[in-house]
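Here's the structure we're looking at; comments come further down.
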Amino acid sequence: MSSFRSVVRAVGGYLPEKIVTNEDLEKLVDTSDSWIEERTGIKERRIAAEGELTSNLGLKAARQALERAGMDATEIDLIILATSTPDNTFPATAVTIQAELGITSGAAFDLQAVCSGFVFAMTTADQYIRTGQAKNVLVIGAETFSRILDWEDRTTCVLFGDGAGAVILSSVPEDGPELGMEDSKTKRGIIASRLRSDGRYRDKLYVDGGPSSTQTTGFLRMHGREVFRHAVTNISDVIEETLETANLSIDDIDWFVPHQANERILVGTAKKIGLPFEKVIMTVARHGNTSAASIPLALNEAHEAGKIKPGDMVLLEAMGGGFTWGAVLVKW
Ligand code: ACO
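Count along the sequence shown from 1, then add 197; that gives the number in the working numbering.
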């Protein structure tokens with residue numbers, strides 16, 4: 198029986214200034230706005246400026262979340278950064294963010310689960326809080342996928358973008374009253390989560406380089422159809438499992454915030470799990486696929502638009518390279 202729950206205190210986000218439209222990409226590779234939009238729903242994406250690193254994006258998102266929470270950075274005792282595009286192979290990019298925030302206590306580390314990174318990071322943070330090992334966790338998803346794209350490969354370079362989002366989770370006593378939500382069916386906080394991976398599919402979406410194999414960074418490679426084929430089934434299964442764990446049904450969900458890979462995957466998943474499309478938060482048209490950053494960026498937009506409010510039941514899910522996939526259910 199755990200003694201603490203992980204409650205969302207605040208959310209923040211940051212997108213690089215430079216917008217690259219589908220029309221811009223037509224000048225780079227043999228593609229078209231209509232092909233990209235029909236197959237993916239993407240219209241444009243943000244690309245980090247030269248010298249703008251994953252840590253810079255993550256730091257800006259983190260600062261916004263801290264400001265909104267009214268917290269001093271030194272109250273944070275754990276930073277988990279979900280990223281597959283760290284500034285360097287090591288040290289972890291999370292420690293750069295930690296230092297920039299002026300934090301000298303607690304711990305900071307990177308977590309790598311590609312597009313599922315944020316769901317894995319939220320679940321990990323929740324375990325630290327539930328066991329009393331951390332009080333205030335800064336969970337960040339930050340990526341500069343533009344740096345690992347082969348800009349001559351039209352099958353991948355049109356799909357991704359750069360950005361960062363952050364969520365602050367704080368520990369509250371499991372049985373304590375929670376911000377006037379006593380009458381609710383369940384209290385605020387992370388209710389349940391489920392993580393999965395299956396390494397048999399590691400060659401379906403990967404980077405063809407690395408320190409131990411080629412001593413180069415490498416480029417992203419993907420068998421798009423194979424990924425697509427597994428996506429809806431894997432995601433729907435893990436959502437069902439998560440709802441079952443929480444003893445809830447799809448009708449209890451107020452907002453669905455999926456990883457923003459592809460509009461067709463999102464529409465297919467919503468249909469399969471029986472969720473009305475008005476409850477789906479969609480940013481893929483303007484952000485593209487920002488991997489581990491896509492869920493916190495979507496949360497940030499939904500928060501800024503006044504959609505997600507305290508007490509709402511929010512379902513997060515993602516699938517990515519590995520394959521990895523998972524879902525998190527949180528009462529906002
Ligand atoms: N512009 C124009 N034509 C293109 C482009 C492009 N950018 N890319 C590929 N094509 C061509 C192909 O060369 C092929 O041509 P051919 O028939 O002459 O050989 C044709 O379009 C069809 O290619 P497919 O790859 O079969 O196209 P598909 O309908 O599967 O769409 C896509 C490709 C969008 C990648 C799709 O498979 C998909 O969405 N997969 C999911 C992958 C995904 O979202 N990954 C993100 C990371 S994983 C995650 O986050 C879940």
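We treat Cβ as the ideally placed atom computed from N, Cα and C, and that holds for glycine.
Unbroken alpha helix (DSSP H) run spanning residue i, endpoints
{"i": "Thr532", "result": "This structure cannot settle anything about residue 532, because the visible part of the chain is limited to 198 through 529."}
{"i": "Ser252", "result": "251-266"}
{"i": "Gly465", "result": "460-470"}
{"i": "Ala495", "result": "491-501"}
{"i": "Ala270", "result": "From DSSP, Ala270 is part of no alpha helix (DSSP H); its letter is neither H nor E."}
{"i": "Val481", "result": "481-484"}
Run of the beta strand (DSSP E) containing residue i, from where it starts to where it stops
{"i": "Gly517", "result": "510-517"}
{"i": "Phe453", "result": "452-455"}
{"i": "Ile216", "result": "215-218"}
{"i": "Pro370", "result": "359-370"}
{"i": "Arg399", "result": "First-last for Arg399: undefined, no H or E at that position."}
{"i": "Ser433", "result": "Run containing Ser433: none in the beta strand (DSSP E); it sits in the alpha helix (DSSP H), 421-443."}
Check: residue i C-beta below 7 Å from any heavy atom of ligand 1
{"i": "Ile402", "result": "Residue identity differs from the one stated: residue 402 is Leu in this sequence, not Ile. True, at least one ligand heavy atom lies under 7 Å from that Cβ."}
{"i": "Arg393", "result": "no"}
{"i": "Arg483", "result": "no"}
{"i": "Met479", "result": "no"}
{"i": "Leu356", "result": "yes"}
{"i": "Val424", "result": "yes"}
{"i": "Asn285", "result": "no"}
{"i": "Ile492", "result": "no"}
{"i": "Arg344", "result": "no"}
{"i": "Ser390", "result": "no"}
{"i": "Arg242", "result": "no"}
{"i": "Ile532", "result": "A query on residue 532 cannot be resolved here, the shown segment of the chain reaching from 198 to 529 and no further."}
{"i": "Ile450", "result": "no"}
{"i": "Gly407", "result": "no"}
{"i": "Ile233", "result": "yes"}
{"i": "Thr352", "result": "yes"}
{"i": "Arg236", "result": "yes"}
{"i": "Gly517", "result": "yes"}
{"i": "Gly421", "result": "yes"}
{"i": "Thr341", "result": "no"}
{"i": "His456", "result": "yes"}
{"i": "Ala246", "result": "no"}
{"i": "Ala537", "result": "The structure shown does not extend to residue 537, since the chain is modelled only from 198 through 529, so no value can be given for it."}
{"i": "Ser229", "result": "yes"}
{"i": "Asn219", "result": "no"}
{"i": "Asn486", "result": "yes"}
{"i": "Asn431", "result": "no"}
{"i": "Asn459", "result": "yes"}
Supposed contact pair residue j and residue i - C-beta distance, whole angstroms, cut 8 Å
{"i": "Glu387", "j": "Val527", "result": "Looking at the sequence provided, one finds Ile at residue 387 rather than Glu. Right, their Cβ atoms sit about 5 Å apart."}
{"i": "Arg243", "j": "Ile216", "result": "6 Å"}
{"i": "Thr442", "j": "Ala389", "result": "4 Å"}
{"i": "Ala524", "j": "Ile436", "result": "5 Å"}
{"i": "Ala495", "j": "Thr480", "result": "5 Å"}
{"i": "Ile294", "j": "Ile337", "result": "7 Å"}
{"i": "Leu250", "j": "Thr341", "result": "7 Å"}
{"i": "Ala458", "j": "Asn486", "result": "5 Å"}
Which of helix, strand or coil DSSP assigns to residue i
{"i": "Ala524", "result": "strand"}
{"i": "Val226", "result": "coil"}
{"i": "Ile244", "result": "strand"}
{"i": "Ala207", "result": "strand"}
{"i": "Ser612", "result": "The structure shown does not extend to residue 612, since the chain spans only 198 to 529, so no value can be given for it."}
{"i": "Gly238", "result": "coil"}
{"i": "Ser200", "result": "coil"}
{"i": "Ser446", "result": "coil"}
{"i": "Ser410", "result": "coil"}
{"i": "Thr385", "result": "The sequence given here places Arg at residue 385; Thr does not occur at that position. Coil, per DSSP."}
{"i": "Leu376", "result": "Summary for Leu376: the model assigns pLDDT 49, below 50, so the residue's position carries little reliability, and this model does not support an answer."}
{"i": "Leu212", "result": "coil"}
Test: residue i CB closer than 8 Å to a CB of chain D
{"i": "Glu437", "result": "Note that chain D does not occur in the displayed structure, where there is just one protein chain."}
### Unbroken stretches of the beta strand (DSSP E), 3 residues or longer, contained in the region 274-354
275-279, 304-308, 333-341
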